[in-house]
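J.: Here you go, one structure.
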Amino acid sequence: MNKKSLKDIEIQGKVVFCRVDFNVPMEEGKVTDDTRIRAALPTIQYMVEQGAKVLLASHLGRPKGQVVEELRLNAVAERLQELLGKNVVKTDEAHGDSVKEEIAKLNNGDVLLLENVRFYPGEEKNDAELAKAFAELADVYVNDAFGAAHRAHASTAGIAEHLPAVSGFLMEKELDVLGKALSNPERPFTAIIGGAKVKDKIGVIDHLLDKVDNLIIGGGLAYTFIKALGHGVGKSLLEEDKVDLAKSFMEKAKANGVNFYMPVDIVVGDDFSKDANTQVVAIDNIPEDWEGLDCGPKSREIYADVIKKSKLVIWNGPLGVFELEPFSHGTKAVAEALAEANDTYSVIGGGDSAAAVEKFGLADKMDHISTGGGASLEFMEGKELPGVVALNDK
Ligand SMILES: Nc1ncnc2c1ncn2[C@@H]1O[C@H](COP(=O)(O)OP(=O)(O)O)[C@@H](O)[C@H]1O
Ligand SMILES: O=C(OP(=O)(O)O)[C@H](O)COP(=O)(O)O
Numbered sequence: 058m059n060k061k062s063l064k065d066i067e068i069q070g071k072v073v074f075c076r077v078d079f080n081v082p083m084e085e086g087k088v089t090d091d092t093r094i095r096a097a098l099p100t101i102q103y104m105v106e107q108g109a110k111v112l113l114a115s116h117l118g119r120p121k122g123q124v125v126e127e128l129r130l131n132a133v134a135e136r137l138q139e140l141l142g143k144n145v146v147k148t149d150e151a152h153g154d155s156v157k158e159e160i161a162k163l164n165n166g167d168v169l170l171l172e173n174v175r176f177y178p179g180e181e182k183n184d185a186e187l188a189k190a191f192a193e194l195a196d197v198y199v200n201d202a203f204g205a206a207h208r209a210h211a212s213t214a215g216i217a218e219h220l221p222a223v224s225g226f227l228m229e230k231e232l233d234v235l236g237k238a239l240s241n242p243e244r245p246f247t248a249i250i251g252g253a254k255v256k257d258k259i260g261v262i263d264h265l266l267d268k269v270d271n272l273i274i275g276g277g278l279a280y281t282f283i284k285a286l287g288h289g290v291g292k293s294l295l296e297e298d299k300v301d302l303a304k305s306f307m308e309k310a311k312a313n314g315v316n317f318y319m320p321v322d323i324v325v326g327d328d329f330s331k332d333a334n335t336q337v338v339a340i341d342n343i344p345e346d347w348e349g350l351d352c353g354p355k356s357r358e359i360y361a362d363v364i365k366k367s368k369l370v371i372w373n374g375p376l377g378v379f380e381l382e383p384f385s386h387g388t389k390a391v392a393e394a395l396a397e398a399n400d401t402y403s404v405i406g407g408g409d410s411a412a413a414v415e416k417f418g419l420a421d422k423m424d425h426i427s428t429g430g431g432a433s434l435e436f437m438e439g440k441e442l443p444g445v446v447a448l449n450d451k
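In our numbering, the protein residues as written are 58 to 451.
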């Protein structure tokens with residue numbers, strides 16, 4: 058990588074503003090998957106050992122510029138403290154006088170976690186004043202938040218204009234592994250795209266159609282494609298204004314000779330809950346009052362077969378609502394097929410896909426689990442990541 062790294066600078070006794078991606082799954086105020094926190098530990102531990110005063114900054118969820126009590130980072134601070142085996146100071150703000158007072162109390166090697174940076178409306182707007190307010194807290198900026206590197210926000214990009222700015226170790230590793238996998242992909246090359254963030258993902262499908270041999274569309278995205286085929290989708294997740302686009306993707310796949318796969322059968326539920334009644338239906342037979350929440354058994358078999366014949370698979374986004382047992386089987390089938398396919402290099406992207414693989418106990422069978430979903434997709438599209446561009450060149 059042509060960007061400066063943490064190892065290239067002197068941080069002893071300096072206040073380091075380190076952007077991390079601690080946007081972790083939470084339930085009832087507890088962190089349910091700490092993969093992203095553990096992934097940042099090498100960088101944090103290094104800064105501690107070097108005697109820096111470490112300020113960690115992260116977003117959690119999408120509070121849209123307001124304080125949302127459930128999205129405070131207190132539980133994250135607790136988990137980090139356990140993992141580091143060291144006290145972590147947590148502030149209720151992310152900049153300003155109260156934070157400066159806490160920083161003044163830090164000794165070399167101490168760690169402080171700032172409050173959710175997205176509680177400030179300026180964060181997502183990359184507001185210059187907010188970027189300056191963050192920069193005022195520190196001497197050096199380190200970006201280790203690969204998962205948020207595709208966002209040009211005040212704490213991921215703007216701040217870098219005011220301080221020496223370098224990458225952390227997680228950021229470096231992600232760019233290295235993904236870069237190597239894609240510069241000359243082994244074929245057949247398959248992309249599996251699922252999840253719920255339709256708007257974020259549907260665009261990258263276009264680019265993947267220029268690169269892959271096989272494309273599998275699943276999860277909540279699938280219903281926009283099912284609708285594009287002219288079928289009803291009941292109460293399933295649907296991005297009505299992307300239906301025409303979905304149609305054009307299917308045409309592009311055909312024109313490019315890409316094998317295009319989407320579910321042929323669906324597990325529908327009458328409620329978004331683990332106690333829902335379920336049934337398996339064909340994609341042209343989704344009942345009006347039901348919601349598609351997983352792919353069915355026939356689809357799973359087809360996907361597993363494609364995976365086993367691939368040399369490289371990138372997977373972003375669960376194939377169903379894997380958090381609820383009755384709708385976890387599609388995601389599990391894909392994870393198992395990847396685990397069994399020894400000749401297939403598997404790259405897993407996305408917080409939820411990574412959490413799913415972890416939940417099924419298959420994480421150590423994957424070749425690379427990225428901490429970034431959207432970020433890894435944009436990287437694989439060949440887009441420049443603003444959080445990387447903003448860093449100092451070597
Ligand atoms: N059919 C579906 N309907 C609604 N939500 C779904 C469906 N399939 C998957 N999901 C949800 O998608 C979420 C993950 O989406 P997303 O954040 O886009 O993925 P990732 O974090 O892996 O990039 C999961 O919480 C999962 O429950
Ligand atoms: O979880 C994240 O995205 P991802 O689910 O695409 O990996 C990152 O923390 C970025 O969050 P955002 O998509 O709200 O900017």
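Glycine included, every Cβ here is placed at the ideal spot set by N, Cα and C.
(1) When the Cβ atoms of the segment 251–268 are set against those of the segment 126–138, are three or more pairs found closer than 8 Å?
(2) Excluding the five sequence neighbours on either side, which residues of its own chain have a C-beta within less than 7 Å of the C-beta of G289, listed in chain order?
(3) Express the C-alpha separation of K230 and A205 in angstroms, rounding to a whole number.
(4) Please name the residue or residues paired with A339 in a DSSP beta bridge.
(5) Just how far apart, CA to CA, sit D424 and V370?
(6) For V199, tell me which candidate among G418, H386, K60, G429 has the shortest Cα-Cα distance.
(7) Compare the Cα-Cα distances from A97 to each of V145, Y280, K440, D78 and report the closest residue.
(8) Quick check on DSSP: helix, strand or coil for M423?
(9) Please list the segments of the alpha helix (DSSP H) lying wholly inside the segment 274–316, counting only runs of 4 or more residues, in order along the chain.
(10) Going by the C-beta, is N80 closer than 7 Å to any heavy atom of ligand 1?
(11) Would a C-beta distance cut-off of 8 Å place L128 and L171 closer than the cut-off?
(12) Quick one, are the C-beta atoms of G387 and G374 less than 8 Å apart?
(13) Round the Cβ separation of T401 and K368 to the nearest angstrom and send it over; I've been treating them as touching at under 8 Å.
(14) Please list, in chain order, all residues of the same chain as G452 whose beta carbon is under 7 Å from its beta carbon, the five residues on each side excluded.
(15) Measuring only the C-alpha atoms, how far is G406 from S433?
(16) Spatial neighbours of K87 within its chain, please: C-beta separation below 8 Å, excluding the five flanking residues on both sides.
(17) Helix, strand or coil for E158? Go by DSSP, reduced to three states.
(18) Ligand 1 and P452: does the residue's C-beta get closer than 7 Å to at least one heavy atom of that ligand?
(19) What is the DSSP secondary structure of L442, reduced to helix, strand or coil?
(20) Ligand 2 and R119: does any heavy atom of the ligand fall closer than 7 Å to the residue's C-beta?
(21) Using C-beta distances below 7 Å, list every residue in its chain close to V414, excluding the 5 sequence neighbours before and after it, in chain order.
(22) Go ahead and pull the three-state DSSP assignment for Y177.
(23) Going by other Cβ atoms of all chains shown within 10 Å of its Cβ, with 16 needed for buried, is Q123 buried or exposed?
(24) Which whole-angstrom value describes the C-beta separation of N80 and R93, a residue pair presumed to lie in contact below a C-beta threshold of 8 Å?
(25) Tell me where the beta strand (DSSP E) around L369 begins and ends.
(26) Smallest Cα separation from D65: which of F176, A217, A222?
(27) At what residues does the alpha helix (DSSP H) containing A18 begin and finish?
(28) How should K331 be labelled, buried or exposed, when 16 other C-beta atoms within 10 angstroms of its C-beta is the threshold for buried?
(29) Can you name, in chain order, every residue of its own chain whose Cβ lies under 7 Å from the Cβ of K299, other than the five neighbours on each side?
(30) May I ask you to check if the CB of G236 is nearer than 7 Å to at least one heavy atom of ligand 1?
(31) Using the three-state DSSP reduction, which class does E186 fall into: helix, strand or coil?
(32) Since E84 sits in a beta bridge, which residues does DSSP pair it with?
(33) Are three or more beta carbon pairs between the segment 344–362 and the segment 301–312 nearer than 8 Å?
T.: This is what the structure holds:
(1) no
(2) I343, E345
(3) 15 Å
(4) D322
(5) 10 Å
(6) K60
(7) D78
(8) coil
(9) 279–285, 300–313
(10) no
(11) no
(12) no
(13) 6 Å
(14) There is simply no residue 452 to check, as the chain begins at 58 and stops at 451 in what is shown.
(15) 6 Å
(16) A132
(17) helix
(18) Residue 452 lies beyond the range of the chain shown here (58 to 451); nothing can be said about it.
(19) coil
(20) yes
(21) A392, I405, A420, M423, I426
(22) coil
(23) exposed
(24) 7 Å
(25) 369–373
(26) A222
(27) Nothing about residue 18 can be reported from this structure: the residues present for the chain run from 58 to 451 only.
(28) exposed
(29) V255, I259, T281
(30) no
(31) helix
(32) K87
(33) no
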